[in-house]
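I have placed the structure first, in the form of structure tokens, so that the comments after it can refer back to it.
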Amino acid sequence: MPSDLMQTVVPGLIEHIPITLVYWFVPSVLSLLFGTLLCIVRVGRHNVLYWICTIYISFFRGTPGIVQIYLVFFGLPKLFWIFGIDINDWSAGIYFIIATTMNLSCFMCETLRGGYVGVDKGQIETGLSIGFSRTQNFFRVIVPQTLKVAILNLKNLEIDVLKDTSVAFTIGAVEMLGYAKGVIAASYGSGQLWILGAAAVIYFVMCTVLEIVFTLISHRMERYERRVA
Amino acid sequence: MTEHTESPDEQIVVSLRGIRKSFGGNEILKGIDLDVTKGEVLAILGSSGSGKTTLLRCINALERPDSGSVRVDGSFIDYGGKVANRDILALRRKTAMVFQNYNLFKNKTALQNITEGLTVVQKKSKAEAEATARDVLEKVGLAEYADRYPVQLSGGQQQRVSIARALALDPDVILFDEPTSALDPELVSDVNDTITEVAKTGVTMIIVTHEIRFARNVASRVIFVDKGTILEEGTPEEVIDHPKTERVREFLSKMAVK
Amino acid sequence: MELDYDFMISDFPTVLAGLPKTLVLTFWSMLWALIIAIVFGSVILSRVPVAKQIVVALNTFIKGVPLTVQLLFCYYAVPFVCKWLDSIGVYDFNPRHIPYFPAAVVAIACNFGAYITDVVVSSVKAVDRGQTESAAAVGMTPLQTVVRIILPQATVISIPSMTNYFIWLLKGTSLASIINVAEMLITAQISAADGYQYLEAYVDAAIIYWAVCAAIEFGCDKLYKRVGFFMQPSRA
Chain V
640 MPSDLMQTVV PGLIEHIPIT LVYWFVPSVL SLLFGTLLCI VRVGRHNVLY
690 WICTIYISFF RGTPGIVQIY LVFFGLPKLF WIFGIDINDW SAGIYFIIAT
740 TMNLSCFMCE TLRGGYVGVD KGQIETGLSI GFSRTQNFFR VIVPQTLKVA
790 ILNLKNLEID VLKDTSVAFT IGAVEMLGYA KGVIAASYGS GQLWILGAAA
840 VIYFVMCTVL EIVFTLISHR MERYERRVA
Chain D
46 MTEHTESPDE QIVVSLRGIR KSFGGNEILK GIDLDVTKGE VLAILGSSGS
96 GKTTLLRCIN ALERPDSGSV RVDGSFIDYG GKVANRDILA LRRKTAMVFQ
146 NYNLFKNKTA LQNITEGLTV VQKKSKAEAE ATARDVLEKV GLAEYADRYP
196 VQLSGGQQQR VSIARALALD PDVILFDEPT SALDPELVSD VNDTITEVAK
246 TGVTMIIVTH EIRFARNVAS RVIFVDKGTI LEEGTPEEVI DHPKTERVRE
296 FLSKMAVK
Chain F
105 MELDYDFMIS DFPTVLAGLP KTLVLTFWSM LWALIIAIVF GSVILSRVPV
155 AKQIVVALNT FIKGVPLTVQ LLFCYYAVPF VCKWLDSIGV YDFNPRHIPY
205 FPAAVVAIAC NFGAYITDVV VSSVKAVDRG QTESAAAVGM TPLQTVVRII
255 LPQATVISIP SMTNYFIWLL KGTSLASIIN VAEMLITAQI SAADGYQYLE
305 AYVDAAIIYW AVCAAIEFGC DKLYKRVGFF MQPSRA
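Structure follows, in structure tokens:
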């Protein structure tokens, strides 16, 4: 094992964990918001907005993530140029975050929709009959119940988002894998498998932590459901 | 104890000795002895949790007793020692079961459900199997449903196909596990009629049921199982009309049948 | 929007010509993924103590590593593997034609095999227990039960999930462009390189992916309705 190389590389990989987490966290939060909005449209009436959202979601679920990233990377500047805005000095990371958010919102929407459909309608009616306003009902009854049903699928989505940060290097946004590739190129191809192996282990650890956290959240949410033996 | 000494014209088809079974620390069957003679229709009564279904399932090894022995016709299994799968298979091939949930093979038509056992297990030819199958379907009154899938049949029809399947195998004994419990009330009588018809053919039957009236009409012998032992046994008139123990009286009155 | 629409139209057939390569890659990857899933799934279902733990641990690890990392790993491993095969006389290693396609297949198949293992296991478990008991009561051997009753039903049960993973895998083949494997995305990139008309080429590629995925989803939906009609949850 080329220990010299590893001694420099592994700390470097770890140094790039924060940026990887940024590329994971920001889209996740934004997508939760947009995904919720999309979901609200999708469970509503079949009007024009519904169909626009349906097509939008179908596109982002039917095309590969890397293609979407490229489309945003090359397309967004041209789009902004129409309004006379020059965004060519935006860092690649921003494009990645935007593309990921657009993509993730769609999957979030469908997951939340599945959760919403699975909520016992009686719960919603009870909330209204107690006198909750629609907004109160939304936040105090609908949201918690939906999340409870959707949490496991959300977990899987979030783990995928974390792993997909590794595609960012294709447009020049350097995160952990981007750094690893750079090192591999610079060291003329020796020790590549070790470097990639180290990166793999770090990704695995991060995913496992994520899994544990979500499982704990899920258990906490269900603690009121556990029957007294 | 319900042992019979064999007389020349009485042939014992099923024989259980010392059957014990526990589930997770609870002893469900506490050493049951039982003989069933050829042509008998034995009804097993009891409340939920009494062990009656477990007892039935011990006969064809869907539950493995912790100890005791089971004999069906010539096949004998002693659960005290090591049990060979070959022996279990042999014993199962002498019995047929009608389940509470019908358990027809979902991916096969009614006809195929019956021919499966005949071709695959009894190695009959396809033509022979089909002929037999159509014959038994006729007997249960479902000849025109031969090519329907279980999902296209009502619960009662599925159960009757299930009975036909059991008949077609020509077993030494047919085991019925609460055959009408999962049915809508209006379908129950059709199935009960079918079972009564089958009983008339003289095949040996063991029926676990909580339909007291039905048991009284169709059974030639009744046993009452309670807390893992046989509390009473005798003819339907004896056990149902004139129960000897308080427990049985209590049970029957709760079932509100006379 | 400033798009070279002429190029978009003229480039479309060129990009489309890359589709068969994508489909071939998808086919082989899916095939091997299924094989892996059935083998691993059988181990997990058989509940053999040590083997099951190993398989579960292996799958957990594979699922925790991004496909890009796995692809790159296989890419860099190929020369070593080829040299080793050469040394034991099984394969003629030619440094000018390094077989990266099998590397992509291995990476994708292992990745998806881990996920599809879960589908296999859950599909088999979803077959109503009464079906097995019924088969046992009739006197079928375990093998007969599995082949005639469990397998057909589990296969049908698995169709919706398998469709999802199939589409996901097809989209995943686009990542093989990172390791120079011929498939549709890299074809699009190459066609756009001269005039730097990447956006147009990517739009073409996106449209084709979208259409293919929609077609697969539609087709599998129809298939499921056709063969799945006999599946119905048993009454309690």
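Chains as they are written, first to last, in my numbering: chain V, 640 to 868; chain D, 46 to 303; chain F, 105 to 340. All residues carry an ideal CB built from backbone N, CA and C; glycine is no exception.
Taking 9 Å as the upper bound on Cβ-Cβ separation, chain V lies near no residue of the stretch 186-207 of chain F. Of I736/V, G757/V and R684/V, the smallest CA-CA separation from F664/V is found for I736/V. A residue is called buried once 16 or more other Cβ atoms fall within 10 Å of its Cβ, and D728/V, having fewer, is exposed.
E161/D belongs to the set of residues whose beta carbon lies under 8 Å from a beta carbon in chain F. Put simply, the CB of L832/V is near chain F, with a gap under 8 Å to one of its CB atoms. Note: I252/D is bridge-paired with A88/D and F221/D in the DSSP secondary-structure output. Beta-bridge analysis with DSSP links E282/D to no other residue.
When rounded, the separation of the alpha-carbon atoms in T254/D and T236/F is 23 Å. Burial check for N198/F: the Cβ neighbour count within 10 Å stays below 16, so the residue is exposed. The C-alpha of R179/D is placed about 59 Å away from the C-alpha of L289/F. Residues of chain F whose Cβ lies closer than 7 Å to the Cβ of M142/D are, in chain order, A241. Take the alpha-carbon of V160/F and the one of I254/F: they are about 23 Å apart. For L120/F, the closest Cβ of chain V is not nearer than 8 Å. Between K171/D and E161/D, the alpha-carbon positions lie close to 10 Å from each other. Annotation: Cβ neighbours of Y194/D in chain F (cutoff 7 Å, chain order): F334.
Look at the beta carbons and you see the stretch 85-95 of chain D touching the stretch 246-264 of chain D: at least three pairs across the two are nearer than 8 Å.
DSSP, read as helix, strand or coil, puts M288/F in helix. DSSP places R65/D in the strand class (E or B) of the three-state scheme.
When the alpha-carbon of S278/F is set against those of V260/F, P124/F and G217/F, the nearest one is in P124/F. Out of F269/D, G273/D and T280/D, the CA that lies nearest to the CA of R294/D is found in F269/D.
Interface flag for M134/F against chain D is unset, since no Cβ pair is found closer than 8 Å. Distances from the CA of E814/V to each of I841/V, N792/V, V788/V and I726/V were compared; the closest alpha carbon is that of I841/V. Judged by DSSP secondary structure, G234/F falls within the alpha helix (DSSP H) whose first and last residues are R233 to V242.
For chain F, the residues of the stretch 703-723 of chain V that bring a beta carbon within less than 8 Å of one of its beta carbons are P703, G704, I705, V706, Q707, Y709, L710, F713, G714, K717, L718, W720 and I721, in chain order. DSSP, reduced to helix, strand and coil, places K717/V within a helical segment of the structure shown. When the Cα atoms are used, E861/V and V780/V turn out to be separated by approximately 15 Å. V115/D is not a Cβ neighbour of L74/D, given a cutoff of 8 Å. 8 Å or more divides the Cβ of F296/D from the Cβ of D222/D. Close CB contacts of Y689/V within its chain, under the 8 Å cut and outside five residues either way in sequence, are with V680, R681 and G683 (chain order).
Residue-level contact check: D725/V does not touch chain F, since none of the beta carbons of chain F fall below 8 Å from its beta carbon. Excluding its 5 nearest sequence neighbours in each direction, G201/D has C-beta neighbours in its own chain below 7 Å: L228, L232, D235 and V236, listed in chain order. The residues L751, G754, Y755 and V758, in chain order, have a CB closer than 7 Å to that of T785/V in the same chain once the five nearest residues on each side in sequence are set aside.
The DSSP-derived three-state label of S170/D is coil. The distance from the Cβ of E304/F to that of D115/F is about 6 Å, consistent with a contact at the 8 Å cut-off. If the five residues before and after R700/V are omitted, its C-beta is found closer than 8 Å to the C-beta atoms of C745, F746 and E749, all from its own chain and listed in chain order. DSSP places G761/V outside any beta strand (DSSP E); the residue lies instead in the alpha helix (DSSP H), whose first and last residues are K760 to I769.
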